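Colleague: One structure is given below, represented as structure tokens, and several questions about it will come after.
Protein chains in written order, with my numbering: chain A, 410 to 663; chain B, 26 to 120.
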């Protein structure tokens, strides 16, 4: 049942069932208000806090029922949560760095991503099918799940909050270039931008373009350049200069 | 070669159905015409799985490619921009 958790959780976020909420279903109206109306923003924050309380209470009640019925122990639940949070985008970064240095591996990743992940010791059996897509000078991919929050968690960890947000999920398909711009990335005018709606059985991993000036870099060095967002397709990997700046900044902070 | 209902390059329309309950076909592609550009294989039917069923019979799953500007009344992107989305065979009809 590992596959179904996305869909079922997402269904709740999307429909709310018996739990009415105030968000408009019209993305443009929603965006306009988000930008112009402080009162609306405060209302939205209150709504999120209210929803969190609602789901936290519901989750705790469910955990108690499972415990009382002897279906799951506290320890089993703790281990499952730890497993979930043990997954991180670093798994994906390792795969991308390998693809950048090993053309044969990249070809296998594009042809059968599940098998290629297996070569790297990454278990994707919780995903029905992993699909890798390669950005080029002429084609760029970006991934969204408009229905809920489908995401290759075994490869990239838990999705960022913005990926699950209503504004991203609606604007990515109604104005993808504007969405990228919001996130600090300008897609070139002449590139073919392909939005992937991750709505069913496949989970997507974008192979970003290897940054210029890294021709003599090792796989371990390249790994540091691969950002989570570049594997979702909403940004580029770090440049060598950006990595240098980040290393210096963290050194100063430390 | 497995015999499939649709083939690469086929023009297809997403059926305009609004069944009660869980389904994975997004509203904004219903009634729209696109092109088959990949076949993923057969997968369990989420409309049945969602209610504790076995998901059988398996359904063919396709990637359908749309010009993103065909999906909306406004201009959503450049003329070359696309949306690819996974659609099960029973939601597709030939054009």
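We put the CB at the ideal spot given by N, CA and C, even for glycine. Note that the structure is predicted; figures quoted are calculated from it, not measured.
Out of A:619, A:459, A:658, A:462, point me to the one whose CA is closest to residue 639 of chain A's CA.
Modeller: In the first chain, counting from the first residue as 1, residue 639 of chain A sits at position 230. Ranking A:619, A:459, A:658, A:462 by Cα distance to residue 639 of chain A puts A:619 first.
Colleague: With 16 other CB atoms within 10 Å as the buried threshold, where does residue 430 of chain A fall?
Modeller: On the first chain, residue 430 of chain A is found 21 positions in, with the first residue counted as 1. Unreliable positioning characterises residue 430 of chain A in this predicted model, as indicated by a pLDDT of 40, which lies under 50. The coordinate reading is nonetheless provided below. It counts as exposed.
Colleague: So that I know if they touch, is there some Cβ in chain B lying closer than 8 Å to that of residue 544 of chain A?
Modeller: Here residue 544 of chain A corresponds to residue number 135 of the first chain, with the count starting at 1. For residue 544 of chain A, the answer is no, since every Cβ of chain B falls outside 8 Å of its Cβ.
Colleague: To the nearest angstrom, report how far apart residue 33 of chain B and residue 89 of chain B are at their CA atoms.
Modeller: The residue given as residue 33 of chain B occupies position 8 in the second chain. The residue given as residue 89 of chain B occupies position 64 in the second chain. If I take the Cα positions, the gap works out to 10 Å.
Colleague: Between the beta-carbon of residue 91 of chain B and the beta-carbon of residue 59 of chain B, is there less than 8 Å?
Modeller: Within the second chain, numbered from 1, the residue matching residue 91 of chain B stands at position 66. Within the second chain, numbered from 1, the residue matching residue 59 of chain B stands at position 34. Cβ atoms of residue 91 of chain B and residue 59 of chain B: closer than 8 Å.
Colleague: Should residue 525 of chain A go down as buried or exposed, given a rule of 16 or more other Cβ atoms within 10 Å for buried?
Modeller: For the purposes of this step, residue 525 of chain A is taken as residue 116 along the first chain, with counting starting at 1. Under this definition residue 525 of chain A is a buried residue.
Colleague: Using a Cβ cut-off of 8 Å, pull out every chain A residue sitting near residue 106 of chain B, in sequence order please.
Modeller: Here residue 106 of chain B refers to the residue found at position 81 of the second chain. By Cβ distance, chain A contributes 585, 586, 601, 602, 603, 604.
Colleague: Locate the beta strand (DSSP E) running through residue 541 of chain A, then write down its first and last residues.
Modeller: Mapped onto the first chain, residue 541 of chain A falls at position 132. Unbroken beta strand (DSSP E) run through residue 541 of chain A: 538 to 543.
Colleague: Which runs of the alpha helix (DSSP H) spanning at least 4 residues fall entirely within the region 526 to 605 of chain A, listed in chain order?
Modeller: The qualifying runs are 562 to 565, 570 to 573, 575 to 583, 585 to 591.
Colleague: Please go through the same chain and pick out, in chain order, the residues whose beta-carbon is closer than 6 Å to the beta-carbon of residue 467 of chain A, but skip the five residues on each side of it.
Modeller: Taking the first chain and counting its residues from 1, one reaches residue 467 of chain A at position 58. Cβ within range, chain order: n/a, list empty.
Colleague: Could you tell me the distance, in whole angstroms, from the CA atom of residue 478 of chain A to the CA atom of residue 463 of chain A?
Modeller: Taking the first chain and counting its residues from 1, the one referred to as residue 478 of chain A is at position 69. Taking the first chain and counting its residues from 1, the one referred to as residue 463 of chain A is at position 54. The straight-line gap from Cα to Cα measures roughly 23 Å.
Colleague: Can you give me, in chain order, the residues of the region 519 to 542 of chain A that have a beta carbon less than 7 Å from any beta carbon in chain B?
Modeller: Answer in chain order: 537, 538.
Colleague: Pick helix, strand or coil for residue 43 of chain B, following the three-state DSSP scheme.
Modeller: Along the second chain, read from residue 1 onward, the residue named residue 43 of chain B stands at position 18. Three-state result, residue 43 of chain B: coil.
Colleague: To the nearest angstrom, report how far apart residue 661 of chain A and residue 531 of chain A are at their CA atoms.
Modeller: To locate residue 661 of chain A, count along the first chain from 1; it is residue 252. To locate residue 531 of chain A, count along the first chain from 1; it is residue 122. Each residue's alpha carbon lies about 34 Å from the other.
Colleague: Can you confirm whether residue 71 of chain B, when its beta carbon is compared against all beta carbons of chain A, has any partner nearer than 8 Å?
Modeller: Locating residue 71 of chain B in the second chain gives position 46, counting from the first residue. Closer than 8 Å: yes.
Colleague: Can you name the start and end residues of the beta strand (DSSP E) that residue 62 of chain B belongs to?
Modeller: Counting from 1 along the second chain, the entry for residue 62 of chain B is found at position 37. Counting along the chain, the beta strand (DSSP E) containing residue 62 of chain B begins and ends at 58 to 68.
Colleague: Using only the alpha-carbon positions, how far apart do residue 29 of chain B and residue 67 of chain B sit?
Modeller: If you number the second chain from 1, residue 29 of chain B lands on position 4. If you number the second chain from 1, residue 67 of chain B lands on position 42. Rounded to the nearest angstrom, the two C-alpha atoms are 10 Å apart.
Colleague: Closest Cβ-Cβ distance between residue 552 of chain A and chain B: below 8 Å?
Modeller: Taking the first residue of the first chain as 1, we reach residue 552 of chain A at position 143. No - not a single Cβ of chain B is within 8 Å of the one on residue 552 of chain A.
Colleague: Between which two residues does the beta strand (DSSP E) carrying residue 89 of chain B extend?
Modeller: Position 64 of the second chain holds residue 89 of chain B. Where residue 89 of chain B is concerned, the enclosing beta strand (DSSP E) stretches over 84 to 92.
Colleague: Whose C-alpha, out of A:481, A:642, A:534, is nearest the C-alpha of residue 589 of chain A?
Modeller: Position 180 of the first chain, counting from 1, holds the residue named residue 589 of chain A. Among A:481, A:642, A:534, the Cα nearest to that of residue 589 of chain A is on A:642.
Colleague: Taking residue 627 of chain A as the reference, which of A:534, A:586, A:506, A:576 has the closest Cα?
Modeller: Indexing the first chain from 1 puts residue 627 of chain A at position 218. Checking every option, the nearest Cα to that of residue 627 of chain A belongs to A:506.
Colleague: At a Cβ threshold of 8 Å, is residue 65 of chain B touching chain A?
Modeller: For this step, residue 65 of chain B is matched to residue 40 along the second chain. Output row for residue 65 of chain B: interface = yes.
Colleague: With the cut-off set at 8 Å, would you say residue 602 of chain A and residue 106 of chain B are in Cβ contact?
Modeller: The residue you call residue 602 of chain A lines up with position 193 of the first chain. The residue you call residue 106 of chain B lines up with position 81 of the second chain. The answer is yes: Cβ separation under 8 Å.
Colleague: Where residue 64 of chain B and residue 598 of chain A are concerned, what is the direct C-alpha to C-alpha distance, given to the nearest angstrom?
Modeller: The residue labelled residue 64 of chain B in the question sits at position 39 within the second chain. The residue labelled residue 598 of chain A in the question sits at position 189 within the first chain. Using only the alpha carbons, I get a separation of about 30 Å.
Colleague: Taking the straight line between their C-alpha atoms, what separation do you get for residue 650 of chain A and residue 636 of chain A?
Modeller: Taking the first chain and counting its residues from 1, one reaches residue 650 of chain A at position 241. Taking the first chain and counting its residues from 1, one reaches residue 636 of chain A at position 227. Answer to the nearest angstrom: the Cα atoms are 14 Å apart.
Colleague: Please tell me whether residue 31 of chain B has its Cβ less than 8 Å away from any Cβ of chain A.
Modeller: Position 6 of the second chain, counted from the start, is the residue given in the question as residue 31 of chain B. Taking Cβ atoms only, chain A never reaches closer than 8 Å to residue 31 of chain B, which makes this a no.
Colleague: Going by DSSP, what residue range makes up the alpha helix (DSSP H) through residue 71 of chain B?
Modeller: Indexing the second chain from 1 puts residue 71 of chain B at position 46. Where residue 71 of chain B is concerned, the enclosing alpha helix (DSSP H) stretches over 71 to 74.
Colleague: For residue 509 of chain A, which residues of its own chain have a beta-carbon under 7 Å away from its beta-carbon, when the five flanking residues on both sides are left out?
Modeller: Against the first chain, residue 509 of chain A aligns to sequence position 100. Contacts found: 619, 631.
Colleague: Please state if the CB of residue 605 of chain A and the CB of residue 550 of chain A are separated by a distance shorter than 8 Å.
Modeller: Taking the first residue of the first chain as position 1, residue 550 of chain A is located at position 141. Taking the first residue of the first chain as position 1, residue 605 of chain A is located at position 196. Their beta carbons are under 8 Å apart, which means residue 550 of chain A touches residue 605 of chain A by this criterion.
Colleague: Check the C-beta distance from residue 564 of chain A over to residue 622 of chain A and give it rounded, since I have them as a contact under 8 Å.
Modeller: In the first chain, residue 564 of chain A corresponds to position 155, counting from 1. In the first chain, residue 622 of chain A corresponds to position 213, counting from 1. With a Cβ gap of about 27 Å, residue 564 of chain A and residue 622 of chain A do not count as contacting.
Colleague: Starting from residue 103 of chain B, find everything on chain E with Cβ-Cβ shorter than 9 Å and list it in chain order.
Modeller: Note that chain E does not occur in the displayed structure, where the protein chains are A and B.
Colleague: Residue 552 of chain A: buried (16+ other C-beta within 10 angstroms of its C-beta) or exposed?
Modeller: Looking up residue 552 of chain A in the first chain gives position 143. The residue in question, residue 552 of chain A, is buried, as its Cβ has 16 or more Cβ neighbours within 10 Å.
Colleague: Which same chain residues, not among the five before or five after residue 101 of chain B, have their C-beta less than 6 Å away from its C-beta?
Modeller: In the second chain, the residue the question calls residue 101 of chain B occupies position 76. Around residue 101 of chain B: 93, 94.
Colleague: For residue 107 of chain B, which three-state DSSP category applies?
Modeller: One-based indexing of the second chain puts residue 107 of chain B at position 82. It is a strand residue.
Colleague: Does DSSP put residue 118 of chain B in a helix, in a strand, or in coil?
Modeller: As a working mapping, residue 118 of chain B is identified with position 93 in the second chain. In the structure shown, residue 118 of chain B sits in a strand (DSSP, three-state: E or B).
Colleague: What is the rounded straight-line gap between the Cα of residue 36 of chain B and the Cα of residue 111 of chain B?
Modeller: Translated into the one-based positions of the second chain, residue 36 of chain B becomes position 11. Translated into the one-based positions of the second chain, residue 111 of chain B becomes position 86. Each residue's alpha carbon lies about 15 Å from the other.
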